[in-house]
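In terms of the working numbering, the sequence shown opens at residue 783 and continues consecutively.
One structure is given below, encoded as structure tokens.
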Amino acid sequence: MNIPSRDELRQALADAGAAHHDYEVQVLGGVRDELWAGFYAAFVLGRVGDFARASTLSRWLEEAPLTDPWADAAAMYVLQRLESGA
Numbered sequence: 783m784n785i786p787s788r789d790e791l792r793q794a795l796a797d798a799g800a801a802h803h804d805y806e807v808q809v810l811g812g813v814r815d816e817l818w819a820g821f822y823a824a825f826v827l828g829r830v831g832d833f834a835r836a837s838t839l840s841r842w843l844e845e846a847p848l849t850d851p852w853a854d855a856a857a858m859y860v861l862q863r864l865e866s867g868a
């Protein structure tokens, strides 16, 4: 298992956010996607590699602090969880 760097993970999360926004606007017609974390997890794992189970990453993203910039805070949270073996 190759754990991504903080910068790789942050960038993948930021890109997932942009792609997800487009998805909500273009596919869902502006409706909020309540299953957003699964979308992000699939996007990130496809981008940086299979470093966690999709369901686990999805849960961690939902738990990540809602601070700005979120992608950086979420990347730090995910990496902390990986390091702790959670």
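A virtual CB, placed ideally from N, CA and C, is assigned to each residue, including glycine.
All figures in this text were calculated on a predicted structure; none of them were measured in a lab.
Asked                                                                                                                            : Found
Less than 7 Å separating the beta-carbons of arginine 814 and alanine 857?                                                       : no
Compute the Euclidean distance between the alpha carbons of arginine 835 and glycine 820, then round it to the nearest angstrom. : 11 Å
Would you give the residue range spanned by the alpha helix (DSSP H) that aspartate 850 belongs to?                              : Careful: aspartate 850 lies outside any alpha helix (DSSP H) and carries neither H nor E.
Would DSSP call serine 787 helix, strand or coil?                                                                                : coil
May I ask you to report which of helix, strand or coil DSSP gives phenylalanine 821?                                             : helix
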